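Scroll down for the structure; my scribbles are underneath it.
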Amino acid sequence: TQLLEQSPQFLSIQEGENLTVYCNSSSVFSSLQWYRQEPGEGPVLLVTVVTGGEVKKLKRLTFQFGDARKDSSLHITAAQPGDTGLYLCAGERETSGSRLTFGEGTQLTVNP
Amino acid sequence: NAGVTQTPKFRVLKTGQSMTLLCAQDMNHEYMYWYRQDPGMGLRLIHYSVGEGTTAKGEVPDGYNVSRLKKQNFLLGLESAAPSQTSVYFCASSSYKARYSNQPQHFGDGTRLSIL
Numbered sequence: 290t291q292l293l294e295q296s297p298q299f300l301s302i303q304e305g306e307n308l309t310v311y312c313n314s315s316s317v318f319s320s321l322q323w324y325r326q327e328p329g330e331g332p333v334l335l336v337t338v339v340t341g342g343e344v345k346k347l348k349r350l351t352f353q354f355g356d357a358r359k360d361s362s363l364h365i366t367a368a369q370p371g372d373t374g375l376y377l378c379a380g381e382r383e384t385s386g387s388r389l390t391f392g393e394g395t396q397l398t399v400n401p
Numbered sequence: 009n010a011g012v013t014q015t016p017k018f019r020v021l022k023t024g025q026s027m028t029l030l031c032a033q034d035m036n037h038e039y040m041y042w043y044r045q046d047p048g049m050g051l052r053l054i055h056y057s058v059g060e061g062t063t064a065k066g067e068v069p070d071g072y073n074v075s076r077l078k079k080q081n082f083l084l085g086l087e088s089a090a091p092s093q094t095s096v097y098f099c100a101s102s103s104y105k106a107r108y109s110n111q112p113q114h115f116g117d118g119t120r121l122s123i124l
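So the protein lines, in turn, are chains G and D. Under the numbering used here, the first residue of the first sequence is numbered 290, with each subsequent residue one higher. Under the numbering used here, the first residue of the second sequence is numbered 9, with each subsequent residue one higher.
What follows is the structure in structure tokens.
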């Protein structure tokens with residue numbers, strides 16, 4: 290059973306479209322991190338959200354942490370081909386120490 | 009600035025062979041981790057270490073062993089490789105944190121391992 294469920298698993302859109310990726314759980318997390326991974330490389334941190342209801346923006350990317358700290362979303366406005374990659378959410382629970390639990394990932398393809 | 013370096017980058021093994029994957033970090037991080045990444049399953053934690061000389065099991069530890077003799081190095085061993093261990097292996101490190109300070113993990117570029 291996956292502790293963090295990401296949806297959709299695959300997403301193929303045209304340049305300029307908007308999209309949202311969801312990361313859901315029945316467990317409470319002390320923080321939620323979003324990573325982006327490109328082919329042949331390791332994941333790279335995009336953002337960390339720590340407070341319920343928190344919203345963070347990174348250029349055209351908007352990240353939100355649910356009020357109950359059980360879910361998060363990533364919204365991309367006017368997607369560009371350079372946004373193509375695997376997006377991973379990862380949660381840290383209060384009882385897990387330094388360990389992260391990763392979602393399955395969302396493979397995003399933005400077509401020119 | 010190298011960050012986290014994994015060697016080798018690619019390896020093909022026969023069933024039953026053994027090998028060691030090396031991870032080195034130059035950021036003086038206390039915590040280090042080994043993950044495996046399989047299609048549709050995200051990253052799953054194999055073993056981790058919170059400091060030199062200490063290791064602990066993660067989510068999928070069976071068939072693997074680890075050692076952290078030096079703070080900067082974390083080794084992952086496969087004693088008798090099986091086809092089910094075909095995967096991409098990632099090492100990561102993070103700094104010591106006060107509780108809930110949410111330190112990011114820094115990843116290497118992975119080792120692609122095929123077991124025939």
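All C-beta atoms in this analysis are idealised placements derived from N, C-alpha and C, irrespective of residue type, glycine included. In this text, all values refer to a predicted model and were calculated from it rather than measured experimentally.
Taking the Cα of D:Tyr97 as reference, the smallest distance to any Cα among D:Gly118, D:Ala89, D:Gln111 is reached at D:Gly118. Per DSSP, the unbroken beta strand (DSSP E) holding D:Met27 starts and ends at 27–33. In terms of beta-carbon proximity, D:Ala89 stays away from the interface with chain G, with every pair separated by 9 Å or more. Residues of the region 323–356 of chain G that bring their beta carbon within less than 7 Å of a beta carbon in chain D comprise Gly329, Glu330, Gly331, Pro332, Leu334, Thr337, Val339, in sequence order. Rounded to the nearest whole angstrom, the CA to CA distance from D:Leu21 to D:Pro47 is 20 Å.
Contact between G:Gly341 and G:Asp356 is confirmed by a C-beta separation of about 5 Å, below the 8 Å threshold.
Taking each of G:Asn400, G:Ser296, G:Glu306, G:Pro328 in turn and checking the Cα distance to D:Arg120, the smallest one comes out for G:Pro328. The secondary-structure analysis by DSSP pairs G:Asn313 across a beta bridge with G:Glu294, G:Asp360.
For D:Asn81, the enclosing beta strand (DSSP E) covers residues 81–86.
Contact of G:Arg358 with chain D is not assigned, every C-beta pair being separated by 9 Å or more. For a Cβ distance threshold of 9 Å, nothing in chain D lies close to G:Ser361: the least Cβ distance comes to about 13 Å.
Judged by DSSP in its simplified three-state form, G:Gln369 adopts coil rather than helix or strand.
In summary, G:Pro332 is buried, with 16 or more beta-carbon neighbours lying within 10 Å of its beta-carbon over all protein chains present.
The beta carbons of G:Leu321 and G:Arg349 sit no closer together than 9 Å.
Using a Cβ-Cβ cut-off of 9 Å, D:Gln113 counts as an interface residue toward chain G, since at least one Cβ of chain G sits closer than that to its own. Taking the Cα positions, D:Lys78 is about 34 Å away from G:Gly374. Secondary-structure assignment with DSSP links G:Val338 through a beta bridge to G:Leu321.
Within the region 47–63 of chain D, those residues whose Cβ lies closer than 7 Å to any Cβ of chain G are, in chain order, Gly48, Met49, Gly50, Leu51, Leu53, Tyr56, Val58. Just measuring C-alpha positions, the residue of D:Pro69, D:His55, D:Pro91 sitting nearest D:Thr63 is D:His55.
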